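Numbering (my numbering), first residue to last: 441 to 655.
Okay, here's the thing in structure tokens:
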């Protein structure tokens, strides 16, 4: 997440959507008072600014708008241009699996991904709930239940949508750096049989319908 009082924007970083590349581009043009939340070099250097923050939820790189209230006031959120990146759920969930398999820290999802195949991972209750209960829109909905997103960029057409963001912010960002690319099949369709497609359509129903994604 990046909160820029000077440029009046908030970048909400939904997990596994390619957001690190955009975060790096924004950080390269960061103002002195910008709040950078994440694990990039510049964000780590500014991490001390987060001390003492009182908020509704966890302050980390994937915080939602509701999480950062009241540390960031409702008025500041309402006055900011809010944007995020979305991604085809079929690609996103597969990317999440391969990312988790490559990790070594102790976490139930990491342990599961390292032990089972993708189909078993996809049908796990905890994995399903994590996607079902946190659709894209939930990340950009404030503590009062208002969806605040001014621009949803689609990862699949990021070059085109990036120009919309540049116009919104009056800021040059292209080209985006490449970051955090997971080792996974180039074509997600090979990973999904009929049962896996039905499962994905159930746990990501909101995102598939709201953003008109298909297989």
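Just so you know, even glycine gets a beta-carbon here, dropped at the ideal spot from N, CA and C.
Being a predicted model, the structure only gives us computed values, none of them experimental.
Same chain, Cβ closer than 7 Å to residue i, neighbours up to 5 away in sequence not counted
i, result
"residue 528", "596 and 653"
"residue 546", "none"
"residue 605", "523, 591, 593 and 613"
Sequence-distant residues of its chain with Cβ nearer than 6 Å to residue i (five each side left out)
i, result
"residue 465", "613 and 616"
"residue 486", "476"
"residue 549", "540"
"residue 658", "Because the chain in this structure spans residues 441 to 655, residue 658 falls outside the shown range and cannot be described."
Buried versus exposed, by CB contacts within 10 Å (16 or more), residue i
i, result
"residue 493", "exposed"
"residue 524", "buried"
"residue 539", "buried"
"residue 531", "buried"
"residue 655", "exposed"
"residue 441", "buried"
"residue 629", "exposed"
"residue 586", "exposed"
"residue 461", "buried"
"residue 618", "exposed"
"residue 535", "buried"
"residue 444", "buried"
beta-carbon residue i near the ligand MN non-hydrogen atom, thresh 7 Å
i, result
"residue 443", "The ligand content of the structure shown is nil, which means the ligand MN is not present either."
Under 8 Å between C-beta atoms of residue i and residue j
i, j, result
"residue 580", "residue 452", "yes"
"residue 591", "residue 608", "yes"
"residue 496", "residue 583", "yes"
"residue 561", "residue 644", "no"
"residue 448", "residue 520", "yes"
"residue 575", "residue 647", "yes"
"residue 457", "residue 526", "yes"
"residue 522", "residue 588", "yes"
"residue 639", "residue 563", "yes"
Neighbourhood of residue i by C-beta, 8 Å cutoff - its chain only, sequence neighbours within 5 removed
i, result
"residue 490", "475, 477 and 499"
Query raised in the report: Would the region 494-509 and the region 468-480 be scored as touching if the rule is three or more Cβ pairs under 8 Å?
Result: yes
Query raised in the report: Which residue spans inside the region 534-575 form an unbroken alpha helix (DSSP H) run of at least 4?
Result: 548-555, 558-562 and 565-572
Report task. Identify every run of the beta strand (DSSP E) within the region 575-602, keeping only runs that are complete inside it and at least 3 residues long; order them along the chain. Result -> 589-594
Query raised in the report: If you scan the region 445-474 from start to end, which runs of the beta strand (DSSP E) of 3 or more residues do you find wholly inside it?
Result: 449-452
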